[in-house]
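Participant: Keeping their order, the protein sequence lines are chains A, B, C and D. Just so we're aligned, residue 1 is where the first sequence starts under the numbering used here, counting upward by one. Just so we're aligned, residue 1001 is where the second sequence starts under the numbering used here, counting upward by one. Just so we're aligned, residue 2001 is where the third sequence starts under the numbering used here, counting upward by one. Just so we're aligned, residue 3001 is where the fourth sequence starts under the numbering used here, counting upward by one. The beta carbon of each residue, even a glycine, is placed where N, CA and C say it ideally should be. Since we're looking at a predicted model, the values are computed, not measured. If you scroll down you'll find the structure; I have some questions about it.
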Amino acid sequence: MVGETMSATLQHIDIAAIREDFPILSQQVHGKTFVYLDSGASAQKPRQVIDAMSYVMEAQYANVHRGLHYMSEKTSDAYEVVRDKVAAFINAGSRDEIVFTRNATESINLVAYTYGRTVLKPGDAVAVSQMEHHANLVPWQMLRDAHGTELRIIKITDSGEIDFNSMEEVFADGKVKLLAITQMSNVLGSYTPVERLAKFAHERGAKILLDGSQAIVHRKVDVQAIDADFYVFSGHKLYGPTGIGVLYAKAELLEAMPPFLGGGDMIASVSYEKSTWAKPPHRFEAGTPAIIETIGLGAAIDYVQGIGFEAIAAHEQVLTEHALATLDNIEGLRIIGRAQDRGGVISFVMKDVHAHDIATLLDRQGIAVRAGQHCAEPLMGRLGVTSTARASFGVYTLPEEIDALAAGLQRIRKIFA
Amino acid sequence: MVGETMSATLQHIDIAAIREDFPILSQQVHGKTFVYLDSGASAQKPRQVIDAMSYVMEAQYANVHRGLHYMSEKTSDAYEVVRDKVAAFINAGSRDEIVFTRNATESINLVAYTYGRTVLKPGDAVAVSQMEHHANLVPWQMLRDAHGTELRIIKITDSGEIDFNSMEEVFADGKVKLLAITQMSNVLGSYTPVERLAKFAHERGAKILLDGSQAIVHRKVDVQAIDADFYVFSGHKLYGPTGIGVLYAKAELLEAMPPFLGGGDMIASVSYEKSTWAKPPHRFEAGTPAIIETIGLGAAIDYVQGIGFEAIAAHEQVLTEHALATLDNIEGLRIIGRAQDRGGVISFVMKDVHAHDIATLLDRQGIAVRAGQHCAEPLMGRLGVTSTARASFGVYTLPEEIDALAAGLQRIRKIFA
Amino acid sequence: MNTSLYQNAVVERSRHPRFAGHPAVFDLHGRGANPLCGDAVDVFVTREGMHVAHESHGCAIMTASADLMAGAVAGKSPEEIAALRRSFETTVKTGRENPELGELNALAGVSEFASRIRCATLPWSALAEALDHG
Amino acid sequence: MNTSLYQNAVVERSRHPRFAGHPAVFDLHGRGANPLCGDAVDVFVTREGMHVAHESHGCAIMTASADLMAGAVAGKSPEEIAALRRSFETTVKTGRENPELGELNALAGVSEFASRIRCATLPWSALAEALDHG
Ligand SMILES: Cc1ncc(COP(=O)(O)O)c(C=O)c1O
Ligand SMILES: Cc1ncc(COP(=O)(O)O)c(C=O)c1O
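Have a look at this one:
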């Protein structure tokens, strides 16, 4: 099995070369080879991203949009080029549909504060699924409490897929005006059928916001083909730096939205009495942006596109199948989430062993996994667990690392036997 | 004069060594020596900051606060240590009074959205001065328009100082509950008497928010000695990375504030019906924070403290005096802002030459200055100009660079003669 | 692998706790919860003889710590318990065993796992809460 | 220093514009403003003979551009002006002079100053606005 898997992997992707790009992967942890299976929380950074950021700071830095001097112009260009890159990356209709934020969380909150408090009216409903990350639940709760919108929850099936019967019910009375839903669960690894969800929402007069935090890393995203109204993701999960995220929204939606934060760069004119707003996307980017990080994100997108999503998806599929088969062989281990369409994020529980103990004991073997509620506390309730352990994969993950995980879990089983 | 100035400078600060730390300063621009006089917009980054950020990405990176594994623990530690550093740097009473944001702009908006919409009531007034950056004006306009607070403007004198008669008037009816004011003007270079302002506000039952974006770079700040209620600044002006800013607020104020953004890490518990919030500062830090940038900010603070504020202030004073004297000697040049207590940010206009033309023509000589309204459009009206040129200094600025500026300006005068 | 913390005493006590349960009658109750991971422990105190029972929903370290605590505090006064808690917290932070802690020393190894120290101390916070405000 | 853009023609026309002023009578008005820098230009058109006057509050490049524009469009039809605008914008972006632009070529050098191109094109947007919606 492992031999087979590996050759399948190696057909698609030159993993050895990729791993060379990530300096951290050659670190040791507790004297053991470092096995990083926590990319779903945040991915490691390739040399190309680190270098791009260092280059800005060493050779081409100044504040953007404001200066009439060389360094400022060059830096503004380098910054704005990333907007084009992001637009092309997700096939936005226009670069002006790309707003830079800190992370996916801020992107969703931006929509909740602006679109949510103006276009959505008290009495309108926002629908989310049972498998949302807190980032796509709490902002809608806060909107409910501040603005009088309703919050409705779409059920998932036991296998971890969207329950379309529940969707019908939630949308039945026509009050749902926004469906805010993940494209890939950070707990179950399920992909959601985004085209179908968008069609479903649009046919019922609702807009759709997609949380692409997990999916963007694994799949080619085409916001126009999906017909997404809003799409959000974070740079740090896409092999880019922290401190930079993206909000995509259709131009006509952004046009109609009031600003979120007030300050420099988001205004057209300011007097003490009244200010007028710049056009999108600048209307939503107040103050000095994350210049260095945006340029780092550009390098990350180049990096990912250099590998290509066909190769990335094939590699992920091989890893996921290998991991599911291998983990299923471990006695007392139960994988949580069995969606048909699923990717390289795998949660599991072990009989008689708490997830935290699993994580700590794996860590001692150099293996990094997540354990806990994964910022999805209500989903834990739905699944009938208090926490899970989770292994998640990146472009640099090796089938052998999954074997190391399995061996580690077997050792843990013995301790608790 | 120059010789004298230089030796005064060199007594306080080893500029040659400092300049070695900033790789960008040895760049050429348009074939000329690069003279960077735009530190007020954003400062350049020392090797120590660049290295600290690279180190995280190369050797010690994972998401914070969530992992039970080695890399996550180490990264969380490195991240949280910076909170201690910032607290010590501004002498906060507790590390829990330090909230990380993207920049000063976000810090002010955070206060406007949370404190502003709960503790401040419709009919209460917020007072700002005539010399605020848009970042400390527009959020209060937005609050006014959304929440029904009033916005009052405190006048400045012709020399660019706070007019305390105007203060008295603005506060006379007791409605002002928040004074939001800069500690140093980014246009006029004036410092405001922050202890006096705080006392003034407190005696009249108002809180004070200080915009320390410019001042923090030049002066030792002690928020307890000032008795500031809120204090904000950005990392990128303090020789740190973009994408990271700070909000300081007194513990009891933070405790009483509702959250700003919803998502991971800011909650105590989440159910579909109701969520409860984490204690400050985490309540205000939703989602994956700017981990790499926070660590970079820590390195920047170490760097600045390594030089020491006594040396920095002395160096700035020498530069400023030299610059004022030198520029005053240029025919047709008028310096805008003549406050008693002023620092290394100098705006000027030239007869018959528009600020933009000054900036472009200086740029061709390798000299970077700002020109325009400096995100302070209403202040331009107060000063009776449409724009100014501005030279601003950093720890690496040389007296010779000011001489280069003066020579450049003389050449421009000839073109327009 | 270095698993010294997960020695038999800890694993054993977590799997077969001696003081687990929710007594029908008790005088004081305290709760400790770590929202970040979902761990929770309820502590029930019968003042007479300082009998402590616990209901633990969490990891091995927390459960073992609760159970070892219940054993260690039996019959002690609140003041003695407060002193014991301080010694225990020092030991789990420093890793230095302390003769007065007896069986509780089994948890000294948690010092190597910074993010898990809270698991070991959570039952003690719950007990303190019970004794303070019960 | 490389100041080719600031040749005499540009500096001269900015300091002593020939078509500056706010006429008492005019047919069409257009305004261009760059909020980032505070530059603003008002353009006043008398249809008869396509006389253009401008009030410029801005830099030398904008003022010279407005004045050279007013000279260049005199007597032209709106269609000819639209074509001229396209040629002018190409020249200020590429730096390639174009014989049909005549005096307007004085601004070709602005292509080297990316952030200043807008200064040169602003009067043309104001004129287009006047002709479109006047
Ligand atoms: C006085 C003052 N306040 C606020 C700001 C806004 O800072 P930032 O853009 O980093 O949020 C600046 C800098 O531009 C400033 O100079
Ligand atoms: C599905 C999903 N949504 C949202 C988020 C929030 O991302 P961030 O913390 O970068 O804002 C995450 C990551 O933690 C996630 O996995």
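1. If you pair each beta-carbon of the region 1148 to 1158 of chain B with each one of the region 1097 to 1109 of chain B, do three or more pairs fall below 8 Å?
2. Relative to ligand 2, is the shortest distance from any of its heavy atoms to the C-beta of residue 213 of chain A smaller than 7 Å?
3. How about the region 296 to 310 of chain A and the region 44 to 52 of chain A: do they share at least three Cβ pairs that are nearer than 8 Å?
4. Rounded C-beta distance between residue 1343 of chain B and residue 1189 of chain B? I'm assuming under 8 Å.
5. By how many angstroms is the C-alpha of residue 392 of chain A removed from the C-alpha of residue 38 of chain A?
6. Closer than 7 Å: is that where the CB of residue 1065 of chain B sits relative to any heavy atom of ligand 2?
7. Does chain C have any CB closer than 8 Å to the CB of residue 403 of chain A?
8. What does residue 150 of chain A pair with, by DSSP beta-bridge criteria?
9. Would you mind working out which of A/414, A/398, A/291 and A/417 sits nearest residue 25 of chain A, comparing C-alpha positions?
10. Could you spell out where the beta strand (DSSP E) holding residue 1234 of chain B opens and where it closes?
11. Residue 2023 of chain C: buried (16+ other C-beta within 10 angstroms of its C-beta) or exposed?
12. Is the separation between the beta-carbon of residue 2130 of chain C and that of residue 2068 of chain C shorter than 8 Å?
13. Under 8 Å: do the region 232 to 249 of chain A and the region 280 to 299 of chain A share three or more Cβ pairs, one atom per stretch?
14. Counting only beta-carbon separations shorter than 8 Å, does residue 155 of chain A have a partner in chain B?
15. Between the Cα of residue 437 of chain A and the Cα atoms of D/3047, D/3112 and D/3099, which residue gives the shortest distance?
16. So is the beta-carbon of residue 1133 of chain B under 7 Å away from any non-hydrogen atom of ligand 1?
17. Could you tell me which of B/1127, B/1357, B/1417 and B/1221 sits nearest to residue 3115 of chain D, measuring between CA atoms?
18. Taking buried to mean at least 16 other C-beta atoms within 10 Å of its own C-beta, is residue 279 of chain A buried or exposed?
19. Could you tell me if the beta carbon of residue 2947 of chain D falls within a distance shorter than 7 Å of some heavy atom in ligand 2?
20. Any beta carbon of chain D sitting closer than 8 Å to that of residue 15 of chain A?
21. Would you mind working out which of B/1369, B/1329, B/1388 and B/1338 sits nearest residue 1354 of chain B, comparing C-alpha positions?
22. Under a three-way DSSP split, which group does residue 155 of chain A fall into?
23. Here's the rule I'm using: 16 or more other beta-carbon atoms within 10 Å means buried, otherwise exposed. How should residue 250 of chain A be labelled?
24. CB of residue 1234 of chain B to nearest heavy atom of ligand 1: below 7 Å?
25. Where does the unbroken alpha helix (DSSP H) through residue 2013 of chain C begin, and where does it stop?
26. Starting from residue 1162 of chain B, follow its DSSP beta bridges and name the residues at the other end.
27. Let me confirm a value: residue 2122 of chain C is counted as buried when at least 16 other C-beta atoms fall within 10 Å, else exposed. Which label applies?
28. Please report the Cβ distance between residue 127 of chain A and residue 179 of chain A, rounded to the nearest whole angstrom; I am assuming they are in contact, meaning their Cβ atoms lie under 8 Å.
29. Here's the rule: buried if 16 or more other CB atoms are within 10 angstroms of the residue's CB, otherwise exposed. What is residue 237 of chain A?
30. By the three-class DSSP mapping on this structure, what secondary structure does residue 1342 of chain B have?
31. Counting contacts by CB-CB distance shorter than 8 Å, is residue 58 of chain A in contact with chain B?
32. For residue 2053 of chain C, would you say it is in contact with chain F, using Cβ-to-Cβ distances shorter than 8 Å as the test?
33. Once the 5 residues before and after residue 330 of chain A are set aside, which same chain residues still bring their CB inside 6 Å of it?
34. Does the separation of the CB atoms of residue 349 of chain A and residue 1070 of chain B fall below 8 Å?
35. Would you identify the three-state DSSP class for residue 1064 of chain B, choosing helix, strand or coil?
36. Please say whether residue 2051 of chain C and residue 2039 of chain C have beta carbons closer to each other than 8 Å?
Facilitator: Inspection of the coordinates gives the following:
1. no
2. yes
3. yes
4. 5 Å
5. 5 Å
6. no
7. Nearest CB-CB separation between residue 403 of chain A and chain C: not below the 8 Å threshold.
8. A/125
9. Closest option to residue 25 of chain A, Cα to Cα, is A/398.
10. 1230 to 1234
11. exposed
12. Contact: no.
13. yes
14. Not closer than 8 Å to any Cβ of chain B, the Cβ of residue 155 of chain A fails to qualify, so no.
15. Since the first and last residues shown for chain A are 1 and 417, residue 437 of chain A lies out of range.
16. yes
17. If we check each option's Cα against that of residue 3115 of chain D, B/1357 comes out closest.
18. exposed
19. No answer is possible for residue 2947 of chain D: the residues shown for chain D start at 3001 and end at 3134.
20. no
21. It is B/1388 whose Cα lies nearest to the Cα of residue 1354 of chain B.
22. Coil, per DSSP.
23. buried
24. yes
25. 2008 to 2015
26. DSSP lists B/1156 as partners of residue 1162 of chain B.
27. Buried, since its Cβ has 16 or more Cβ neighbours within 10 Å.
28. 5 Å
29. buried
30. strand
31. yes
32. Considering every chain present, this structure includes no chain F. Its protein chains are A, B, C and D.
33. Hits under 6 Å: 409.
34. no
35. In the three-state DSSP reduction, residue 1064 of chain B falls in the coil class, being neither helix nor strand.
36. No; because the gap between Cβ atoms is not below 8 Å, this pair is not in contact.
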